[in-house]
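Mapping of the sequence shown onto numbering that gives the first Met the number 0: position 417 corresponds to residue 416, and the numbering continues sequentially without gaps. One structure is given below, encoded as structure tokens.
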Amino acid sequence: MHPTHTTLYTQRRFELSRQMGRGAVAIVPTAHEQTRNRDNDFLFRHDSYFYYLCGFTEPNAWLIISGDGHTTLFCQPKDPDREIWDGVRLGPQAAPQTLDVDAAFSITELDARLPGLLDGCASVWYAFATHKGLETRIDGWLGHLRSKARLGALCPWSFNDLCGVLDDMRLIKDVHEQAIMRHAAHISACAHIRAMQWCAMRVRAGLDVREYHLDAELLHEFRLNGSQYPAYGSVVAAGANACVLHYRAGDGCVHSGELVLIDAACELDGYASDITRTFPANGIFTGPQKSLYELVLASQEAAIAAIGVGARLSDLHDASVKVLSQGMLDLGLLDKNKVGTVSDVIEKRHYFQFYMHKTSHWLGMDVHDCGTYFEPSEMNQVSTRVDPLTGDTLRERPSRILRAGMTLTIEPGIYVRPAPNVPEVFYNIGIRIEDDAIVTESGCELITRDVPVGVADIEALMRA
Ligand code: GLY
Ligand code: MN
Ligand code: MN
0 MHPTHTTLYT QRRFELSRQM GRGAVAIVPT AHEQTRNRDN DFLFRHDSYF YYLCGFTEPN
60 AWLIISGDGH TTLFCQPKDP DREIWDGVRL GPQAAPQTLD VDAAFSITEL DARLPGLLDG
120 CASVWYAFAT HKGLETRIDG WLGHLRSKAR LGALCPWSFN DLCGVLDDMR LIKDVHEQAI
180 MRHAAHISAC AHIRAMQWCA MRVRAGLDVR EYHLDAELLH EFRLNGSQYP AYGSVVAAGA
240 NACVLHYRAG DGCVHSGELV LIDAACELDG YASDITRTFP ANGIFTGPQK SLYELVLASQ
300 EAAIAAIGVG ARLSDLHDAS VKVLSQGMLD LGLLDKNKVG TVSDVIEKRH YFQFYMHKTS
360 HWLGMDVHDC GTYFEPSEMN QVSTRVDPLT GDTLRERPSR ILRAGMTLTI EPGIYVRPAP
420 NVPEVFYNIG IRIEDDAIVT ESGCELITRD VPVGVADIEA LMRA
């Protein structure tokens with residue numbers, strides 16, 4: 000039986016307390032509300048650490064967790080006038096029962112109560128450099144406490160970064176988290192299918208198709224299926240726009256004969272998905288598009304084959320770079336008379352002209368989720384090397400060893416900007432293929448393949 004949500008969050012708080020140890024106290028605020036313009040706010044999104052520990056989504060809330068697991072919540076007080084405008088608030092009276100916390104007070108009592116909650120604790124834990132103004136608030140509470148020293152108050156004497164412990168906890172997704180992420184991935188896959196089919200139908204009919212039209216189709220499918228918002232700003236890039244890595248859905252025209260790159264996915268109940276598909280606007284790949292597409296797909300397959308418990312995260316990148324580099328030589332994107340063998344291409348990073356990002360990142364509550372990319376047990380094994388392209392000296396640590404339950408993306412690409420020595424048939428083609436995977440004992444589970452990825456499958460889908 001799965002634990003109920005309440006006990007799940009309580010278990011996480013107890014695990015955090017266990018790792019902090021007695022005498023510790025953790026201070027965890029949720030996110031700030033952000034003004035968009037004048038009196039108009041951006042849609043509120045809770046802080047991921049805060050949500051991970053209590054599942055509460057209201058703004059203006061703080062968690063204080065002590066080393067013995069005792070948890071105090073500060074939250075917005077009930078206020079009939081404000082609730083008419085902003086909606087129902089849980090309020091401190093109902094919070095202990097609903098959220099399984101030990102005590103709850105109005106947020107208006109935070110400054111008055113915090114010195115007392117810190118009094119006598121040895122160490123204060125908070126997420127370093129993540130929350131604007133947090134250090135100043137803590138300073139204020141400690142200063143107040145110190146001023147009471149002659150009355151016997153004892154000020155904490157060490158600070159610890161909460162990110163270290165929480166990031167490692169969040170890096171391994173439990174069954175509850177995996178279930179939400181599978182669902183989010185499914186909704187996002189359906190959205191990609193919808194956008195592809197809508198695009199082909201309209202382009203074939205000779206109708207005007209803009210990037211923002213496809214963005215609207217994605218959003219429709221996300222919201223129709225209960226997603227709260229996109230997990231990140233949707234990239235919908237037609238033609239040459241696909242070579243701009245962080246291009247956002249604009250008003251570009253989608254032309255028959257060109258490719259469209261969509262990197263868009265939803266957030267569901269606090270968890271992100273992250274999918275990229277690249278498809279021909281009219282539903283049929285041209286020869287050069289197909290050659291590059293199949294190369295990117297082969298490089299993704301090589302990276303996927305490298306995933307497994309005990310492998311290193313860098314193995315994925317190395318596997319995709321090897322396939323891409325060989326393909327760049329075979330297709331003439333790189334001239335072997337100038338750059339040499341595939342080993343030279345990799346060693347001197349010639350591939351970087353067309354593939355300039357990494358193959359993978361952690362995925363979870365945040366689309367680029369928390370967790371170090373080096374192996375913590377080997378963090379002192381630092382090696383240095385000189386980057387052949389920039390001349391910079393890079394310090395490297397052994398890459399993270401994969402464990403079951405880690406969740407990551409696999410997203411190789413090729414981006415061909417016009418340049419001398421590059422065959423013109425490939426000019427302005429940008430392709431990325433991105434799927435999400437949960438690491439399992441026997442390899443990985445791909446959770447985004449409800450949207451097809453093969454050339455023939457995409458063409459069949461877009462004919463339908
Ligand atoms: N959508 C952001 C990324 O692919 O990393
Ligand atoms: Mn990604
Ligand atoms: Mn993406």
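Each residue gets a CB set at the ideal place from its N, CA and C atoms; glycine is no exception.
If one requires a minimum length of 4 residues, the alpha helix (DSSP H) runs lying completely within the stretch 67-147 are 79-85, 90-98, 109-117 and 133-145, in chain order. Between the C-alpha atoms of F104 and A111 there is a straight-line separation of about 11 Å. Separation of the CB atoms of L98 and W140 is rounded to 23 Å, and the pair is thereby denied contact status at 8 Å.
Placement of the Cβ of Y231 at a distance of less than 8 Å from at least one heavy atom of ligand 3 is found.
By the C-beta criterion, the stretch 314-334 is judged not to be in contact with the stretch 361-374, since fewer than 3 inter-stretch pairs fall below 8 Å.
Following the DSSP letters along the chain, one finds V202 inside the alpha helix (DSSP H) bounded by residues V174 to R203. If you look at S359, you'll find it isn't in any beta strand (DSSP E); DSSP assigns it neither H nor E.
Here H182 has L267 as same chain residues with Cβ atoms under 7 Å from its own Cβ, once five neighbours each way along the sequence are excluded. Here the stretch 191-202 lies against the stretch 275-285, with 3 or more beta-carbon pairs under 8 Å apart.
Here V421 has L332 and V415 as same chain residues with Cβ atoms under 7 Å from its own Cβ, once five neighbours each way along the sequence are excluded. Judged by DSSP in its simplified three-state form, G370 adopts coil rather than helix or strand. By the neighbour-count criterion, in which a residue is buried when 16 or more other Cβ atoms sit within 10 angstroms of its Cβ, G115 is exposed. Under DSSP, P28 forms a beta bridge with W61. E395 and P375 have their alpha carbons spaced roughly 13 Å apart. Straight-line spacing of the CA atoms in S441 and Y246 works out to 36 Å.
Sorted by position in the chain, D273, H360, T408, E410 and E433 make up the residues whose C-beta lies under 6 Å from a heavy atom of ligand 2. If you check the C-beta of H191 against ligand 1, you find no heavy atom less than 8 Å away.
Under the three-state reduction of DSSP output, I171 falls in the strand class. In the DSSP assignment, the residues bridged to L407 are W361 and A436.
Checking the 8 Å criterion, the Cβ of V24 is out of range of every heavy atom belonging to ligand 1. Of H349, R399 and G256, the smallest CA-CA separation from S313 is found for R399. Judged by pairs of C-beta atoms under 8 Å, the stretch 17-26 touches the stretch 61-76, as three or more such pairs exist. Bridge pairing for L267: Y270 [DSSP]. In this chain, the alpha helix (DSSP H) harbouring F221 covers E210 to L223.
Where L445 is concerned, the enclosing beta strand (DSSP E) starts and stops at G442 to L445.
In this structure S233 is in contact with L217, their Cβ atoms being roughly 6 Å apart against a cut-off of 8 Å. Non-local beta-carbon contacts of R311 in its own chain, meaning distances under 8 Å to residues more than five positions away in sequence, involve E374, P397, S398, R399, I400 and L401 in chain order.
A102 has its alpha-carbon roughly 42 Å from the corresponding atom of A190. Annotated as distal: A60 and F43, with beta-carbon spacing of 9 Å or more. With a cutoff of 8 Å, D214 does not count as near ligand 3, since its C-beta is closer than that to no heavy atom of the ligand. Per DSSP, the continuous alpha helix (DSSP H) segment holding F49 begins and ends at S47 to C53.
By the criterion of a C-beta distance shorter than 6 Å, P58 is surrounded in its chain by E32 and F43, once the five residues flanking it on both sides are discounted. Fully contained in the stretch 221-264 are the following beta strand (DSSP E) runs of length 3 or more, in chain order: 234-237 and 258-262. If you draw a 10 Å sphere on the C-beta of P417, you find fewer than 16 other C-beta atoms in it, and that means exposed. Scanning its chain for C-beta atoms nearer than 6 Å, with the 5 sequence neighbours on each side dropped, one finds around L294 the residues G326, in chain order.
A direct Cα-to-Cα measurement between G132 and T29 gives close to 13 Å.
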